[in-house]
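Position one of the sequence shown corresponds to residue 1 (UniProt numbering), numbered consecutively onward.
What follows is a single structure, written as structure tokens, with notes after it.
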Amino acid sequence: MGLLSLGTPLDWHESKKHNEHVRDNGITQLINIFRQHYNRDNDKFLWGDEVEYMLIDLDKQSHTAKLAIDKDYVLDDLNDEAKSLPKAQENNVLFHPEYGRYMIEATPAKPYDGGKLEDYVYVEENMIKRRDLSTDELPPHIKPLTITAFPRMGCGNFTSPPAKPIGPASQSLFLPDEIINRHARFPTLTANIRKRKGHKVAMNLPMYPDKRTKLLDDSIPVNRQLFKSDVEPHIGASKPGHVYMDSMGFGMGSSCLQITMQCENINQARYLYDTLVPVAPILLSLTGAAPIFKGFLVDQDVRWNVICGAVDDRTFIEKAQEPYPNYHLFGGLDINEKENLQVNNHSVNAYGDLQDLYTKDGKPIQTIPKSRYGSVDNYLGDHKFDTSYFKDSFNDLNAPINSKVYKRLLNDKSGQFDKHLANHFAHLFIRDPLVIFSERIDQDNNLSNDHFENLQSTNWQTLRFKPPALYESDADGKVDFTNKPGWRVEFRPMEVQITDFENAAFSSFITLLSRAILKFKPNFYIPLSKVELNMTLAHKVDSVLNDKFWFKSMDSWNIDYHDFTGYDFSWFDRFLMEGNDVLEDGPVYLKGYASSASLAAMNGKTNGAATQAHSGQANGSVAASAKGCEGKTVEDVNDVDDFGIDQRYTLHEIINGDGKFPGLISLIIKLIATELVPESCKHCPDSNCARTLIRLKYYLMLISKRASGEIPTAAHWMRHKVLNNPAYQQDSKVTEEINYELMESVDNLTQMKDKELVTEFFGEVISDYLLRNKAPI
Ligand code: GLU
Ligand code: MG
């Protein structure tokens, strides 16, 4: 996460003096980047994934599972030429630091090729290698697991070795500073967020209400007097009935799965970015894997809002919130103090500026509706691409902007920043830099992009639009772009999945979907306010089963649904078994594989299967006591908007289609069939290519069955495991023992050791295949 410069990170009170300097120079760097790369074209579609792991100490003797905070040396070893780096390189794997000292991140060393079918499966091989290589470096009881949130983070002795929550960086009542990465950037980041904000971050998650749940977070110390901030939960920071968390680590100590894709040019990247924006909450819901925080089952399934809160550096005034008693409205901002300032007595202009309020360096103080970690606030616009679907009215969040930056970009003589691009960057630049390194204050703006990246990489949105870096030019003023990353789009909402199979499946799904988007050019634009609503829905327990999400009405996608007939799961079988991939509307095809019937055929059930799953009968489903599984939880609003352009759909409809219209999976299958299958692969059931196609089919099947509710999401499965653990007291508490058993099951699943477990998690069809084919080839 973010930029790791070497050097001395400045404390907030020192660093804030350089905020405007970093912003000004960051924008100069951005302008230089545009000058160097704006016309760059025909870059190859390359892609890569990032997986974040947690090192879990699984102690079979004491039946405890803890976060290992003394094994971060593995990262050094895996990056050490004299130790394990050569092995990692041989396997095309790279390891990186993450926020938690117990975390490691791993990526492929070289990107995958989007034009190669086999790379969509090789991703899994690469992920398996990463897990193997890191496991090899660790003692046998330490497991690199891909869980989104550690269930007992912040509960008593949750680390190995133990550490006390008395650290000055976070001042947390629950998390010791020893969980934070040792690189000075991370504790400084933690402390600077708190110092800028003027109080600690505060996340309150609703408790999952079970029969004996006391709607009270009894883990909050009543009268610790170590830091002044210790009183915060008692003066407004904690909410009754909620699990209270007070530190960056609760959020940035969570893990996710991210995908970065390189586009042909900037205009293609803008269209892809925009088109994936409405897909983000859909994938957040579908990958939901975080039902437990701080030892409590919570009434939500995902990590997202926890991280939003965990890095929310806004002051009370910026949040338009009354300060706690005796706390400062302006937090740690450098202002010319005025007397008697109140929250609501300032008018706000069109940029979000509070009139007549400035920091000492002249920057207007603003009302800022969202944290710097959040869903996308502005589309970029596609009017320079072939599609031109975007309308100004889709950017309806009125996100504040830095007007100085906006004007500078718009007036830049290159003319490369149209109002949407200017608006996008001007919004990112409303934020202050969080960590500045003293050695990096003065930079060569023609060669360095550090100041730009400082702001860019601490705006953590569902999508990130990534410009290239700056490069030295040759004597003729030219830059050779070969092997130099170009215009990229990063997809960031997904929660990390338990197994490599699932992480590969979601990585390939998003990348294939992106390629399908670029090929078929659908129109997915809906107003961002609806995407925001979807983000809220995606948090809900089992939103996959119960909720309907806003999406572009399927008959407004601007694609002809007839073109996708037959591109369903039956395509794989026809192609491989029968050599019949002719998709004319011939009688055999129409009789044999009508698209609406084929999903049911794939499920081995009648068409009622999905409906049944939706009523809570899914494998591993939460027992009848579970709130949210009975009846609808869809808000009482119309399913179609006033113009008939956006509609609310279940995830099942969006992913699997609605019988008449193709879902996202059909787009992907048609892409595979028409663009990715190499000539040499035609109809050869036993070849490597066939095995690749079959694995891809199972990846898509995983996503299809999760969306239809036939098999559980990771969150659903974990909640079910807790609720059905004999030691569970129906009080929403996840004890050490329950946690141990859950982590043990996760470890077993990861290794696909236990047939019963694998079947419970993946359903019969996928587990049959997986138990016979653990690894791709
Ligand atoms: N771990 C963070 C998450 O779960 C992302 C950090 C990063 O951007 O690498 O979203
Ligand atoms: Mg990361």
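Ideal Cβ positions, reconstructed from N, Cα and C, are used throughout, including at glycine.
Since the structure is predicted, the reported quantities are computational estimates derived from the model, not experimental observations.
In the DSSP assignment, G763 falls within the unbroken alpha helix (DSSP H) covering 755-772.
Here the alpha carbon of S745 sits roughly 23 Å from the alpha carbon of D210. With a threshold of 7 Å, the Cβ atom of S375 does not count as near the ligand GLU, since no heavy atom of the ligand is closer than that. As computed with DSSP, T462 is found in no beta bridge at all.
With a threshold of 7 Å, the Cβ atom of M248 does not count as near the ligand GLU, since no heavy atom of the ligand is closer than that. Taken from the Cβ of E105, at least one heavy atom of the ligand MG lies inside 7 Å.
In this structure, G352 lies near P400, with their beta-carbon atoms less than 8 Å apart. Per DSSP, the unbroken alpha helix (DSSP H) holding Y406 starts and ends at 403-410. In the DSSP annotation of this structure, the continuous segment of the alpha helix (DSSP H) that includes K197 starts and ends at 185-197. Counting the other CB atoms within 10 Å of its CB gives I56 a total of 16 or more, which places it among the buried residues. Taking one beta carbon from each stretch, the segment 377-391 and the segment 226-244 have fewer than 3 pairs nearer than 8 Å; the two do not touch.
Contact check for V93 against P776 fails: the beta carbons are separated by 8 Å or more.
Counting only runs that start and end inside the segment 221-256, the alpha helix (DSSP H) elements of at least 4 residues fall at 248-252.
Within the same chain, L513, I654, I655 come within 7 Å of L664 by CB-CB distance, once the 5 residues on both sides are set aside. CA-CA distance, K670 to F564, rounds to 7 Å.
Note that the segment 707-719 does not touch the segment 506-526; fewer than 3 beta-carbon pairs, one per stretch, sit closer than 8 Å. Each residue's CA atom was taken as its position, placing L189 and K197 some 12 Å apart. Non-local beta-carbon contacts of N739 in its own chain, meaning distances under 6 Å to residues more than five positions away in sequence, involve A65, P151, R152 in chain order.
Check the Cα spacing between N402 and each of D568, I368, R695: the tightest is with I368. For R648, the pairing in a beta bridge is given by DSSP as W550. Taking C-beta atoms under 8 Å as the contact rule, V435 and N192 qualify, at a distance of about 6 Å. The C-alpha of V405 lies about 42 Å from the C-alpha of E124. With 16 or more other Cβ atoms inside 10 Å of its own Cβ, T458 counts as buried. Burial of S229 is indicated by the presence of at least 16 other C-beta atoms within 10 angstroms of its C-beta. Between the ligand MG and E98, a heavy atom-to-CB distance of less than 7 Å is present.
Considering only P527, L215, N265, S170, the residue with the shortest C-alpha distance to N398 is P527.
With respect to the 8 Å criterion, A202 and G114 are not classified as neighbours on the basis of their beta carbons. In the assembly as shown, R270 is a buried residue. Its beta-carbon has 16 or more other beta-carbons within 10 Å. Within the chosen limit of 7 Å, the ligand MG does not reach the beta carbon of E490 with any heavy atom.
Relative to the ligand GLU, the nearest heavy atom lies less than 7 Å away from the CB of S254.
Look at E50: its beta carbon is less than 7 Å from one of the heavy atoms in the ligand MG.
Check the Cα spacing between M261 and each of P165, P111, S393, R408: the tightest is with P111. Excluding sequence positions up to five before and after Y102, its CB lies within less than 6 Å of the CB of M54, L55, L67, A68, I69, all in the same chain and listed in chain order.
When rounded, the separation of the alpha-carbon atoms in H424 and N395 is 11 Å.
I307 has its CB nearer than 7 Å to a heavy atom of the ligand GLU. Relative to the Cα of K360, the nearest Cα in the group G332, G374, N748, Y379 belongs to G332.
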